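Student:
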Amino acid sequence: MSEELSLEDKDRLLTRIACADLMEHILDSFGGSTIYAVTRGWQITHLISRQEMVEAASALTFEHAVHDAAIGTIFVPQSATITREIAGRILLESGQVKTIFWEV
Amino acid sequence: MAIKRFDLGIPDYPWPSMEVEYKDGKYSTVMHVVEDAAKPLPIYSKWFDYYQQMGVGNAYEKAYERIMGIAYRDMPVPSMLQYFKESSNARTPDSRDLLELVIGAPGMGKSYGAQYHSRLRDPEPALFFDCAGRDSGDLLFELVLDHSANADIYMRIEKRIGEHNSGKLLPPPLLAILQRAELRQVFSMDGARIGVDWNRFGLLPKGEDSSDRSAIMETARTSLHLFATEAGIQMNGLSDISFKEQKGKLILAAESGCNCILDEVNLAKNLDKIKVVLQVINGEIDSCVIADKSGGSYMLSRNKIELGFTLTANGNHTTDGNSTQILPESIYSRFKNKYFIPRPTVEDFQHRICQKLTGLPISTLHHMQQNARQTQNKSFSKEEFTEFLHYMRALGTEGHETVPAYQSAMIDHYEDVIEASSRLAKLYYSWAETLDRDELQRKMQSNSGSAQELNALLMETDEKYAKEIGVGMRMMMGHLSSALNVTPETIALVKSGGFNLRARKLPINPDSLSPEEPELRFGTRLSRIIINAVDNTSRQYPKPAINKKLTELLTTATIFPPDLKEGKRSNVKLLAELLDIDVLKGQSASQQTAMVQRLLCDLLRSREPELSGNNEDLIPLSKLGQMLTQDRSKAVIDSHTAVLAIPNLDLDHVSDHPIHNVIIHDAGYQPATNSILVVPAEKLADHDELMMALAIPKMRESNLPVLWNKSLINSGGQGACYSNNEEDNEPLRMAMRDKPQCGISITSVTCRKSGTEAAETMIILIHDDKAPHTIIVGDSIHPSLLRMMARTNVTYIDRASPTATDSARRAIDTMMTGKPVQVTEDLKAAFLMRHTVLEDYPDKKPTFSQMITQPITHCEIKNYATNISQLGAMNHLQRALKPVVAMGRTA
Chain W
1 MSEELSLEDK DRLLTRIACA DLMEHILDSF GGSTIYAVTR GWQITHLISR QEMVEAASAL
61 TFEHAVHDAA IGTIFVPQSA TITREIAGRI LLESGQVKTI FWEV
Chain V
105 MAIKRFDLGI PDYPWPSMEV EYKDGKYSTV MHVVEDAAKP LPIYSKWFDY YQQMGVGNAY
165 EKAYERIMGI AYRDMPVPSM LQYFKESSNA RTPDSRDLLE LVIGAPGMGK SYGAQYHSRL
225 RDPEPALFFD CAGRDSGDLL FELVLDHSAN ADIYMRIEKR IGEHNSGKLL PPPLLAILQR
285 AELRQVFSMD GARIGVDWNR FGLLPKGEDS SDRSAIMETA RTSLHLFATE AGIQMNGLSD
345 ISFKEQKGKL ILAAESGCNC ILDEVNLAKN LDKIKVVLQV INGEIDSCVI ADKSGGSYML
405 SRNKIELGFT LTANGNHTTD GNSTQILPES IYSRFKNKYF IPRPTVEDFQ HRICQKLTGL
465 PISTLHHMQQ NARQTQNKSF SKEEFTEFLH YMRALGTEGH ETVPAYQSAM IDHYEDVIEA
525 SSRLAKLYYS WAETLDRDEL QRKMQSNSGS AQELNALLME TDEKYAKEIG VGMRMMMGHL
585 SSALNVTPET IALVKSGGFN LRARKLPINP DSLSPEEPEL RFGTRLSRII INAVDNTSRQ
645 YPKPAINKKL TELLTTATIF PPDLKEGKRS NVKLLAELLD IDVLKGQSAS QQTAMVQRLL
705 CDLLRSREPE LSGNNEDLIP LSKLGQMLTQ DRSKAVIDSH TAVLAIPNLD LDHVSDHPIH
765 NVIIHDAGYQ PATNSILVVP AEKLADHDEL MMALAIPKMR ESNLPVLWNK SLINSGGQGA
825 CYSNNEEDNE PLRMAMRDKP QCGISITSVT CRKSGTEAAE TMIILIHDDK APHTIIVGDS
885 IHPSLLRMMA RTNVTYIDRA SPTATDSARR AIDTMMTGKP VQVTEDLKAA FLMRHTVLED
945 YPDKKPTFSQ MITQPITHCE IKNYATNISQ LGAMNHLQRA LKPVVAMGRT A
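For the record, the sequence lines run as chains W and V.
Position one of the first sequence corresponds to residue 1 (this note's numbering), numbered consecutively onward.
Position one of the second sequence corresponds to residue 105 (this note's numbering), numbered consecutively onward.
#1: Among the residues of its own chain, which have a CB less than 7 Å from the CB of V/Ile466, if the five just before and after it don't count?
#2: For the beta strand (DSSP E) containing V/His877, list its first residue and its last residue.
#3: Output yes if chain V places a C-beta closer than 8 Å to the C-beta of W/Ser94; else output no.
#4: Count the other CB atoms within 10 Å of the CB of W/Ile100; is the residue buried (16 or more) or exposed (fewer)?
#5: Output, in chain order, the set of chain W residues within a Cβ distance shorter than 7 Å of V/Ile219.
#6: Residues of chain V with CB under 8 Å from W/Met23, in chain order?
#7: At a cut-off of 7 Å, is V/Met179 close to the ligand COA when judged by its beta-carbon and the heavy atoms of the ligand?
#8: Does any C-beta atom of chain W lie closer than 8 Å to the C-beta of V/Phe188?
#9: Below 8 Å, can you find three or more Cβ-Cβ pairs linking the stretch 170-179 of chain V to the stretch 494-502 of chain V?
#10: Spatial neighbours of V/Asp872 within its chain, please: CB distance less than 7 Å, with the 5 preceding and 5 following residues excluded, ordered by chain position.
#11: By how many angstroms is the C-alpha of V/Asp754 removed from the C-alpha of V/Ser192?
#12: Find the residues of chain V that neighbour W/His64, judging by a C-beta separation of less than 7 Å, and give them in chain order.
#13: State the CB to CB distance for the pair V/Phe626 and V/Asp684, rounded to an integer number of angstroms; the pair is presumed to be in contact (CB under 8 Å).
#14: If contact means a Cβ-Cβ distance below 7 Å, which residues of the stretch 33-44 of chain W contact chain V?
#15: Evaluate V/His221 with the Cβ neighbour count: other Cβ atoms within 10 Å of its Cβ, from every protein chain shown; 16 or more gives buried, anything less gives exposed.
#16: Taking V/Gly271 and W/Thr83 to be in contact with their CB atoms under 8 Å, please state how far apart those CB atoms are, rounded to whole angstroms.
#17: For the stretch 223-252 of chain V, which residues have a beta carbon sitting closer than 7 Å to at least one beta carbon of chain W?
#18: Flag W/Glu55 as yes if its beta-carbon sits less than 8 Å from any beta-carbon of chain V, otherwise no.
#19: Starting from V/Asp930, trace the alpha helix (DSSP H) both ways and give me its first and last residue.
#20: Assign W/Val104 to one of two classes, buried (16 or more other C-beta atoms within 10 Å of its C-beta) or exposed (fewer than that).
#21: Just confirm the distance between the C-beta atoms of W/Arg50 and W/Thr15, as a whole number of angstroms; I'd bet it's less than 8 Å.
#22: Judging by CA-CA distance, which residue of V/Lys397, V/Gly387 and V/Val881 is the nearest neighbour of V/Ala908?
#23: Smallest Cα separation from V/Gly463: which of V/Ser585, V/Arg297 and V/Ala915?
#24: Let me know the secondary structure DSSP gives V/Gly419 once reduced to three states.
#25: By Cβ distance, which residues of its chain are closer than 6 Å to V/Tyr258, with the 5 residues on each side in sequence left out?
#26: For chain W, is any of its Cβ atoms less than 8 Å away from the one on V/Ile885?
#27: When you compare only the Cα positions, how much space is there between V/Glu165 and V/Lys108?
#28: Could you check what DSSP says for V/Arg264 in three-state terms: helix, strand or coil?
#29: Hey, how far is the Cα of W/Cys19 from the Cα of W/Trp102?
#30: Mind listing the chain V neighbours of W/Arg84? Cutoff is C-beta to C-beta under 7 Å, in chain order.
#31: Count the other CB atoms, across all protein chains shown, that sit within 10 Å of the CB of V/Arg438; report buried if there are 16 or more and exposed otherwise.
#32: Count the other CB atoms within 10 Å of the CB of V/Gly582; is the residue buried (16 or more) or exposed (fewer)?
#33: Note the first and the last residue of the continuous beta strand (DSSP E) segment covering V/Cys963.
#34: Cutting at 6 Å between CB atoms, please list the residues of its own chain near V/Ser600, excluding the five before and the five after it.
#35: Roughly how far, in whole angstroms, is the beta-carbon of V/Val450 from the beta-carbon of V/Ala570, given that I think they are within contact range, below 8 Å?
#36: Can you name the residues that DSSP bridges to V/Gly271?
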């Protein structure tokens with residue numbers, strides 16, 4: 001069996017699994033960015049707690065996240081005041097490639 | 105941020121460019137490459153500085169990977185490559201040519217091209233300004249909603265809308281306020297969800313003139329105030345909603361050294377307002393004073409313009425649409441670098457399709473490789489090119505982007521994608537040509553094509569219709585996006601099970617659906633979308649000549665099968681077949697092994713969330729491959745016993761023995777001892793391991809046949825002896841898989857419940873050799889196994905699901921479609937040879953689907969899957985399986 005691994009390695013693997021679980025249902029795509037429909041579960045909690053993704057509850061926070069090169073993944077909760085039209089415009093105008101998890 | 109040079113177009117990494125050639129009296133555009141270490145294409149970029157500031161050790165390497173990855177992945181279409189090369193050469197730190205004007209057809213990707221320049225050079229995105237109907241003065245200073253003043257009001261409005269999105273709906277009168285024209289850009293609707301974008305305050309929907317923004321803002325303020333008060337949000341008055349003036353995007357970009365993109369610049373109002381600023385940027389004058397809207401002034405001097413700033417103005421050809429205008433000469437002449445993008449070609453369409461499906465322009469990359477010097481006389485291997493594509497797809501994405509699984513799957517099938525994208529590109533290109541009056545007239549004049557057909561098309565085509573349909577790159581990309589969305593599919597009525605006329609209870613929705621990979625039925629969905637688009641825009645319009653032409657195009661693109669009456673059946677695959685990508689099909693042995701490795705590791709991790717280590721540490725590919733390709737021809741030992749190869753999910757042994765053997769031993773009657781065998785549950789194989797062995801196609805192929813054995817005939821099952829009347833033998837043949845006439849067989853296997861030490865569970869299998877189609881009933885399994893089964897003709901029924909019986913009924917009905925009713929009866933009889941229905945079942949008459957899904961049956965003659973790790977332990981097995989129950993029968 002493999003040697004005991006660091007917490008960091010374990011987190012990295014859990015992140016990979018969480019992302020794979022969440023990237024099942026494509027809702028939309030804008031430029032190179034893809035929006036996936038997701039439901040809340042351990043995957044979202046894990047990714048947010050490990051700062052692998054940020055939560056955007058408004059158009060303003062969403063735009064900040066899209067413009068930040070250090071952020072690759074954004075979670076949009078169901079209560080967020082963002083529609084796909086807004087998300088699409090921000091993504092297209094920025095030309096950035098992001099992964100968006102959209103709570104449905 | 106500091107700027108550092110990185111090179112594209114070096115040996116081993118050639119960079120494509122389109123060049124015009126003149127040969128035999130004709131112009132043509134052909135692909136060339138830049139491939140010179142001494143004279144490459146320079147990219148001056150801030151990415152190095154970004155990584156350095158992030159504290160990344162190997163910042164240069166990381167930056168180069170990021171730039172190279174973006175460069176190849178997001179490469180502009182071939183027709184824009186010349187623009188990209190020339191524009192890149194102009195973007196040097198000492199350049200004074202900071203203004204560029206890009207003119208081309210709509211949808212060509214002009215904005216994309218400018219953003220691409222920006223992505224290569226700057227971690228910060230370009231500042232984008234949509235000029236359509238906007239006053240150009242907004243580029244310098246703009247009046248915006250000051251939502252930082254009285255921030256709590258805006259927060260409360262957003263909070264109320266957030267509550268609406270969570271289910272506490274706004275009353276209709278309040279919704280109506282949000283839908284007023286002056287607020288429609290601020291509040292957008294997406295089904296029941298409402299979005300708020302305060303930055304759009306004072307703008308009207310596209311196509312409506314927003315140049316008098318202050319007037320619109322006043323109206324919007326009144327409406328917003330009304331909404332807030334109606335929603336119970338306390339305000340002192342209209343003055344609570346205030347505006348402020350801020351620097352426009354052009355000034356901000358110049359000061360921060362980022363790119364500024366003016367989209368649809370020839371639709372802008374009052375462009376003269378920015379002339380003086382353009383003069384400063386150009387170096388014609390050193391500085392200028394700009395008056396803001398509140399009477400103040402701002403001085404822009406050339407030394408305020410930061411390194412990295414470029415202004416790209418995009419405009420459409422003046423022949424496109426009705427509302428375009430030529431740029432004023434005073435503005436036009438300020439742009440020293442003007443680029444005219446040619447009309448899109450078939451190759452451009454193909455390039456974009458490939459980018460959408462794989463994240464890489466594989467048609468262009470393949471063309472480059474195929475025509476390269478070293479491969480002209482020597483073809484490159486498919487595996488090597490696939491690996492290269494995967495490398496390019498992932499290059500520099502770490503921490504920025506996650507590669508979607510469907511793109512990886514499409515890359516694995518890149519040859520099919522190239523073929524299909526070529527057909528699709530020709531279809532969309534020709535479709536656009538069919539609706540282009542200029543093109544039709546040109547063909548008429550040059551006598552190319554049937555005059556009658558061209559005339560008919562000209563009669564039916566006009567600019568309004570062509571604009572309404574909007575065929576071209578944008579339509580194509582829209583179709584591709586829609587097809588990536590997994591939607592319910594329709595089936596022909598003859599395949600439908602119809603209404604259950606006796607059902608009086610609605611089925612319960614299962615908690616989780618089994619999701620489907622977007623690529624699995626992508627081609628089928630895309631074909632359906634295209635057929636619908638053609639039908640809606642031509643046959644039902646009606647435009648008979650256009651419909652006839654488009655039908656021909658659909659046939660050429662193999663969206664419709666060729667007319668078989670006209671000739672023999674073609675071997676050409678349909679477009680749907682090419683793009684219905686199944687990662688399980690057509691894989692090489694090494695690809696299948698890698699897939700099994702991934703699956704096994706995922707399953708192990710789902711059982712042990714804390715488990716770490718990479719896949720190769722957990723299960724070495726070499727060992728797995730060796731075991732998967734073992735000769736299984738001697739799997740059947742005797743009529744009672746067979747050997748199954750199954751994945752090992754035992755963490756302590758999986759790395760040494762990723763595959764182990766399980767013995768299927770029928771516990772039927774043992775004549776020698778006048779008894780039946782009972783195997784203790786702790787010695788049974790794990791349910792999930794068995795399921796893996798049945799889910800992985802390669803393993804299922806060899807394992808499935810050995811789950812049936814011929815021992816029933818000796819073991820005392822109901823009717824377990826052949827009769828002289830052949831018709832009576834069908835159930836026994838089904839239970840033993842002894843060439844049943846209908847091709848359907850049934851059996852059950854007893855194993856250990858996963859996650860327990862000694863609890864027994866059972867798997868029921870029904871297999872149709874002729875379809876082939878397998879129904880398996882078992883415990884809950886991992887979704888990845890479910891998906892794998894679903895796509896390889898296995899219907900899995902989770903007996904814990906509230907819909908298990910309904911699902912079983914539907915699956916059996918599907919399997920029995922077109923077969924005599926007797927087959928179902930025989931199947932039930934075959935099942936009852938091993939099982940009995942418990943007497944305490946309430947209505948005494950369980951249906952077959954109830955029998956196989958609910959705990960109302962008892963297995964009398966078990967088919968044990970016994971966990972013996974090595975075949976050599978057969979003797980041990982014989983000892984372990986001591987006869988413990990006397991049957992009291994005569995031999």
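Here a beta-carbon is modelled for each residue, glycine too, at the ideal position from N, C-alpha and C.
Computed from a predicted structure; not experimentally measured.
Tutor: The short version:
#1: The count along the second sequence starts at 1 and reaches residue 466 of chain V at position 362. If you ignore the 5 residues before and after V/Ile466, its C-beta comes within less than 7 Å of the C-beta of Cys458, Leu493, Tyr518, Val521 and Ile522, all in its own chain and listed in chain order.
#2: Taking the second sequence and counting its residues from 1, the one referred to as residue 877 of chain V is at position 773. Here the beta strand (DSSP E) through V/His877 covers His877 to Gly882.
#3: Position 94 of the first sequence, counted from the start, is the residue given in the question as residue 94 of chain W. Interface residue, yes.
#4: Counting from 1 along the first sequence, the entry for residue 100 of chain W is found at position 100. Buried, since its Cβ has 16 or more Cβ neighbours within 10 Å.
#5: Here residue 219 of chain V corresponds to residue number 115 of the second sequence, with the count starting at 1. The residue asked about is misnamed: residue 219 of chain V is Gln in this sequence, not Ile. Within chain W, Gly95 have C-beta atoms less than 7 Å from the C-beta of V/Gln219, given in sequence order.
#6: On the first sequence, residue 23 of chain W is found 23 positions in, with the first residue counted as 1. Result: Thr506, Pro508 and Ala509.
#7: Ligands displayed in this structure: none; no statement on the ligand COA is therefore possible.
#8: Taking the second sequence and counting its residues from 1, the one referred to as residue 188 of chain V is at position 84. No, V/Phe188 lies away from the interface with chain W (no Cβ there is under 8 Å from its Cβ).
#9: Output reads yes: the stretch 494-502 of chain V touches the stretch 170-179 of chain V.
#10: Residue mapping note: residue 872 of chain V aligns to position 768 of the second sequence, counting from 1. Closer than 7 Å at the Cβ level, and outside the excluded window around V/Asp872, lie Gly847, Ile848 and Met919.
#11: In the second sequence, counting from the first residue as 1, residue 192 of chain V sits at position 88. In the second sequence, counting from the first residue as 1, residue 754 of chain V sits at position 650. Their backbone Cα atoms lie some 56 Å apart in a straight line.
#12: Within the first sequence, the letter at position 64 stands for residue 64 of chain W. Within chain V, no C-beta atom comes nearer than 7 Å to that of W/His64; the closest sits roughly 11 Å away.
#13: Within the second sequence, residue 626 of chain V is the residue found at index 522, counting from 1. Within the second sequence, residue 684 of chain V is the residue found at index 580, counting from 1. Right, their Cβ atoms sit about 6 Å apart.
#14: For the stretch 33-44 of chain W, which is checked against every Cβ of chain V, the residues closer than 7 Å are Thr34.
#15: By 1-based counting over the second sequence, the position of residue 221 of chain V is 117. Of the other Cβ atoms in all chains shown, 16 or more fall within 10 Å of the Cβ of V/His221; this residue is therefore buried.
#16: Mapped onto the second sequence, residue 271 of chain V falls at position 167. Mapped onto the first sequence, residue 83 of chain W falls at position 83. Taking C-beta atoms under 8 Å as the contact rule, V/Gly271 and W/Thr83 fail to qualify, at a distance of about 16 Å.
#17: Residues Arg223, Pro227, Glu228, Pro229, Ala230 and Phe232.
#18: Taking the first residue of the first sequence as position 1, residue 55 of chain W is located at position 55. Taking 8 Å as the threshold, the shortest C-beta distance from W/Glu55 to chain V does not fall below it.
#19: Counting from one through the second sequence, the residue named residue 930 of chain V turns up at place 826. Start and end: Val925 to Leu936.
#20: For this step, residue 104 of chain W is matched to residue 104 along the first sequence. W/Val104 is classed as exposed because its beta carbon has fewer than 16 other beta carbons within 10 Å across all chains shown.
#21: Sequence index remark: in the first sequence, residue 50 of chain W carries index 50 (1-based). Sequence index remark: in the first sequence, residue 15 of chain W carries index 15 (1-based). The pair is a contact, with the Cβ atoms about 6 Å apart (cut-off 8 Å).
#22: Here the question's residue 908 of chain V lines up with position 804 in the second sequence. With respect to the C-alpha of V/Ala908, the residue from V/Lys397, V/Gly387 and V/Val881 having the closest C-alpha is V/Val881.
#23: Counted from its first residue, the second sequence places residue 463 of chain V at position 359. Comparing Cα-Cα distances from V/Gly463 to each of V/Ser585, V/Arg297 and V/Ala915, the minimum goes to V/Ser585.
#24: Position 315 of the second sequence holds residue 419 of chain V. V/Gly419 falls in the strand class under three-state DSSP.
#25: Along the second sequence, read from residue 1 onward, the residue named residue 258 of chain V stands at position 154. Result list for V/Tyr258: His251, in chain order.
#26: In the second sequence, residue 885 of chain V corresponds to position 781, counting from 1. Taking 8 Å as the threshold, the shortest C-beta distance from V/Ile885 to chain W does not fall below it.
#27: Counting from one through the second sequence, the residue named residue 165 of chain V turns up at place 61. Counting from one through the second sequence, the residue named residue 108 of chain V turns up at place 4. About 12 Å.
#28: As a first step, residue 264 of chain V must be located in the second sequence, where it is residue number 160. Correct three-state label for V/Arg264: helix.
#29: In the first sequence, counting from the first residue as 1, residue 19 of chain W sits at position 19. In the first sequence, counting from the first residue as 1, residue 102 of chain W sits at position 102. Going by the C-alpha atoms only, they are around 13 Å apart.
#30: Against the first sequence, residue 84 of chain W aligns to sequence position 84. The answer, in chain order, is Asp294.
#31: Residue 438 of chain V sits at position 334 when you count from the first residue of the second sequence. Its Cβ being crowded by 16 or more others within 10 Å, V/Arg438 is buried.
#32: Residue mapping note: residue 582 of chain V aligns to position 478 of the second sequence, counting from 1. Under this definition V/Gly582 is an exposed residue.
#33: In the second sequence, residue 963 of chain V corresponds to position 859, counting from 1. Start and end: Thr961 to Cys963.
#34: The residue given as residue 600 of chain V occupies position 496 in the second sequence. If we look at V/Ser600 and ignore the five residues flanking it on each side, it has no Cβ neighbours.
#35: Translated into the one-based positions of the second sequence, residue 450 of chain V becomes position 346. Translated into the one-based positions of the second sequence, residue 570 of chain V becomes position 466. Not quite, the Cβ-Cβ distance comes to about 19 Å (not below 8 Å), so this is no contact.
#36: Looking up residue 271 of chain V in the second sequence gives position 167. The partner list for V/Gly271 (beta bridge, DSSP) is empty, contrary to what the question assumes.
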